[in-house]
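So the structure is just underneath, and the comments pick up after that.
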Amino acid sequence: MVNTIKRTIAFLVALGTKAVAAVAQHAATLSLPHTEGVDLPVKITAVNTSNTAHKQALLEMKNKQAALQSAAKVGRRFMTVLRESLKPTLGMKYSQGWTAVGFAGSLTVPSSNAALLTALQLAEDYLTAHPIADAGANLAPARATLLRGNLAAALIAVAQQKEVVNQAITTRNEKITALDQGLRTLLSELHQVLDPLDARWLAFGFKKPGAKAIPDVPQNVIAVLIGANAISVKWEGAARAAYYRVWKKVIGVDADYVSVGSPADLDFIMEGLPGNSQVEVLVSAMNNGGESQMSTVVLVQTL
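Position 59 of the sequence shown, counted from 1, bears residue number 64 in this note's numbering, the numbering being contiguous throughout.
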């Protein structure tokens, strides 16, 4: 079997954790100098720590983006109220006079945050030069100043957090690469000191290189009653199978499936079954790599 090391955090940490335990268990009998120098426990911790930091950076980004959306929403509401308050003075339709208030080309409140920031600056300047009588604090120049400052700060916070997220991704990927390379070093050393079918491959979290891939599931299983209480079973050969296991379950008698034979041929006869019973028959394929899933159930009624 081919050992593939996947570059996912879950796979690398799980494999690394298993490998660390196996290295400690077999260090006395196996020479793994390069693996011991890699220090897998430190690399596993680094991956977990950097992954947590990345998740926290993403969460903080979400919070800062929410704050930006809130600041922009309040700013747009201010520009909307200001527009409605000035319509009796500047007109119901757009004209050049609206430009100084913060509206460019139309009376639509700017949709982009950058354009809104500019609009709030112009609105602040306009209200400073042309205060609205009896407008109160809601349309005062200081209000525009505050909203512009909040929006500018929120934009800066999001931009800065993007850098934090990018750095967290870079750090996490570096730690993943280090753990990946450490596990590949271990795999390379194991190839030098273990037989391809040595059971210790499994302890390290790897497949046995000398083992075949698990066989396909046997297909087209046929089970036919012979006489009163014997069943003849036949099936098609499964790819990579060295031999097969035949299973039966007598309903009401067997709690689970019971192996009744391990033939290398593509047929088998079960004898001595209880009379007047329903028997479920299945077949699985075997090799030194393991066992396939069981075939589709075939039900036979004995006499």
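Every residue gets a Cβ at the ideal spot worked out from N, C-alpha and C, and that includes glycine.
How is residue i classed by DSSP in three states: helix, strand or coil?
{"i": "residue 270", "result": "coil"}
{"i": "residue 148", "result": "helix"}
{"i": "residue 90", "result": "helix"}
{"i": "residue 306", "result": "strand"}
{"i": "residue 37", "result": "coil"}
{"i": "residue 12", "result": "coil"}
{"i": "residue 140", "result": "coil"}
{"i": "residue 284", "result": "strand"}
{"i": "residue 248", "result": "strand"}
{"i": "residue 111", "result": "coil"}
{"i": "residue 100", "result": "coil"}
{"i": "residue 46", "result": "helix"}
{"i": "residue 84", "result": "helix"}
{"i": "residue 116", "result": "coil"}
{"i": "residue 135", "result": "coil"}
{"i": "residue 314", "result": "Residue 314 falls outside the range modelled here, since the chain spans only 6 to 308, and no answer is possible."}
Per DSSP, residue i forms a beta bridge with which residues?
{"i": "residue 256", "result": "None; residue 256 has no bridge partner."}
{"i": "residue 237", "result": "229 and 274"}
{"i": "residue 289", "result": "250"}
{"i": "residue 296", "result": "291"}
{"i": "residue 264", "result": "252"}
Rounded to whole angstroms, what's the CA-CA distance from residue i to residue j? Just pull it up for me.
{"i": "residue 83", "j": "residue 164", "result": "24 angstroms"}
{"i": "residue 198", "j": "residue 292", "result": "24 angstroms"}
{"i": "residue 216", "j": "residue 8", "result": "11 angstroms"}
{"i": "residue 3", "j": "residue 194", "result": "Because the chain spans 6 through 308 in this model, residue 3 falls outside it and cannot be assessed."}
{"i": "residue 185", "j": "residue 295", "result": "27 angstroms"}
{"i": "residue 242", "j": "residue 30", "result": "41 angstroms"}
{"i": "residue 313", "j": "residue 200", "result": "Residue 313 lies beyond the range of the chain shown here (6 to 308); nothing can be said about it."}
{"i": "residue 310", "j": "residue 47", "result": "The structure shown does not extend to residue 310, since the chain is modelled only from 6 through 308, so no value can be given for it."}
{"i": "residue 167", "j": "residue 114", "result": "27 angstroms"}
{"i": "residue 246", "j": "residue 284", "result": "25 angstroms"}
{"i": "residue 177", "j": "residue 209", "result": "24 angstroms"}
{"i": "residue 102", "j": "residue 162", "result": "34 angstroms"}
{"i": "residue 112", "j": "residue 17", "result": "56 angstroms"}
{"i": "residue 107", "j": "residue 14", "result": "50 angstroms"}
{"i": "residue 248", "j": "residue 298", "result": "14 angstroms"}
{"i": "residue 339", "j": "residue 54", "result": "There is no way to answer for residue 339, as the model of the chain reaches only from 6 to 308."}
{"i": "residue 156", "j": "residue 56", "result": "31 angstroms"}
{"i": "residue 99", "j": "residue 110", "result": "7 angstroms"}
Report the residue ranges of all beta strand (DSSP E) runs contained in full by the segment 188–232; include only those spanning at least 3 residues, in chain order.
-> 227–231
Does the segment 252–259 come within contact of the segment 171–184, defined as at least 3 CB pairs closer than 8 angstroms?
-> no
Three CB pairs or more closer than 8 angstroms across the segment 24–38 and the segment 127–147 = no
Meets three-Cβ-pair contact criterion under 8 angstroms: the segment 259–278 and the segment 234–241 = yes
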